[in-house]
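Reading through the structure tokens given below for one structure.
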Amino acid sequence: MSPSPTARTPLLQVQDIAVCYDGAIQAVHGLSFEVAAGTVVALLGANGAGKTSTLKAISGLLPAERGALTRGRIAFDGADLAGLSAHQVVERGISQVLEGRRCFAHLSVDDNLRLGGLVRRPSRQDLAQAVERIYARFPRLKLKHRLQAGYLSGGEQQMLALGRALMARPRLVLLDEASMGLAPQMVEEIFATVRELNGQEGTSFVLSDQNAVMALAHADWGYLVEGGRVVASGSAQALRERDDVQEFYLGSTREGRVRYLPERWRRAA
Ligand code: ATP
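Everything in the sequence shown is counted per our numbering, starting at 799 for the first residue and increasing by one.
Right, dumping it as structure tokens:
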């Protein structure tokens, strides 16, 4: 709905998509957004706004939930993702960290990471080196590398889920509700790592989050989603500074939980 952050062809283009579950439940209605290469984009919205469905549409995960993309186009690096399996989307360079962290609870931290790297069909040595790179990024995981993932704290499981996604060497990571249920300090640590990865390796991120304060603090660009469509967008700084965002989106609640959207955004949609 709004101009992209840069004039270059975006890394990810989501154009006017609609998502439907069970052939009846409309979750997303003509949603569009873009991610410029090397940027961090926040997708903000309340519970049920359609953020997760949008990410699953990108990742090819809708069929597993009897969902379908019924309209629109999703392109990565200029190429249409239509019809690709979830596995093929990862091979193209997009990894998703699902809401709820979804580690393999009975497998060790080591094995969870190795599984994330298999998509690249690496040699044993490459795989070991890739795991060590993740441990260098998340020293807490290294300390517990033999532990079953189910025994990690929520924050550590989030790190493991992100680490596993990074094992596929993605160019774009879709991070769904990373802050959910975590202490503010842990959320800060995870988002700071996102910024570090973005700065050092140029990895692009979509942060889909209800925690607007935290996501906008670490993003370059933001989109506000309501009722399955984008109702406002802008640079993260511009969004943070807008009076209506302050008042209605960030304001009144220090934790940054989204309460509701101003009426005029709804009218603009
Ligand atoms: P949350 O933060 O709670 O994940 P969200 O913004 O990510 O919210 P979605 O999870 O995409 O929103 O949900 C959008 C709508 O689609 C909601 O009305 C939800 O009930 C519905 N929905 C999501 N997943 C399914 C599913 N597997 N089957 C049927 N309806 C679904």
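Note that CB positions come from ideal geometry on N, CA and C, so glycine has one too.
In this text, all values refer to a predicted model and were calculated from it rather than measured experimentally.
Option nearest residue i by Cα separation, candidates the options
i       : options                          : result
Gly1026 : Gly858, Glu863, Leu867           : Leu867
Val838  : Ala1013, Leu859, Val1028, Pro937 : Ala1013
Gly898  : Glu975, Ile856, Val929           : Glu975
Gln894  : Val1028, Thr850, Ile815, Arg944  : Thr850
Met957  : Leu939, Leu970, Arg967, His943   : Leu939
Ser1031 : Leu842, Thr807, Ala834, Cys818   : Leu842
Pro861  : Ala884, Thr1001, Gly876          : Ala884
Val1011 : Gly1000, Arg993, Arg1038         : Arg1038
Phe1069 : Gln955, Ala855, Leu950, Cys818   : Residue 1069 lies beyond the stretch modelled for the chain, which goes from 799 to 1067, so this question has no answer here.
Asp875  : Gln983, Gln811, Gly979           : Gln811
Arg967  : Leu973, Gly914, Val985, Ala1017  : Gly914
Below-9 angstroms beta-carbon distance, residue i vs any chain D residue
i      : result
Leu973 : The chain labelled as chain D is not found in the depicted structure, where only one protein chain is given.
Environment of residue i [buried if 16+ CB atoms lie within 10 Å]
i       : result
Asn845  : exposed
Arg962  : buried
Arg912  : buried
Ile872  : buried
Tyr1058 : Bear in mind that the predicted position of Tyr1058 carries a pLDDT of just 44, short of 50, making it too unreliable to give a figure here.
Leu916  : exposed
Arg834  : For clarity, residue 834 is Ala in the given sequence; the question names Arg instead. So Ala834 ends up on the buried side.
Tyr1021 : buried
Opening and closing residue of the alpha helix (DSSP H) in which residue i lies
i       : result
Arg922  : 922-935
Ser857  : 849-857
Ala1013 : 1010-1016
For residue i, the residue or residues it bridges with in DSSP
i       : result
Val992  : None, per the DSSP bridge assignment.
Glu1024 : Arg1027
First through last residue of the beta strand (DSSP E) which encompasses residue i
i       : result
Val917  : It is not in any beta strand (DSSP E) - Val917 carries neither H nor E in the DSSP assignment.
Gly870  : 865-874
His827  : 823-833
Ala1030 : 1027-1033
Gln894  : 892-895
Ala840  : 838-842
Gln956  : Taken as a continuous stretch (DSSP letters only), Gln956 belongs to no beta strand (DSSP E), being part of the alpha helix (DSSP H) at 952-964.
Cys818  : 810-819
Ser1002 : 1002-1007
Leu972  : 970-974
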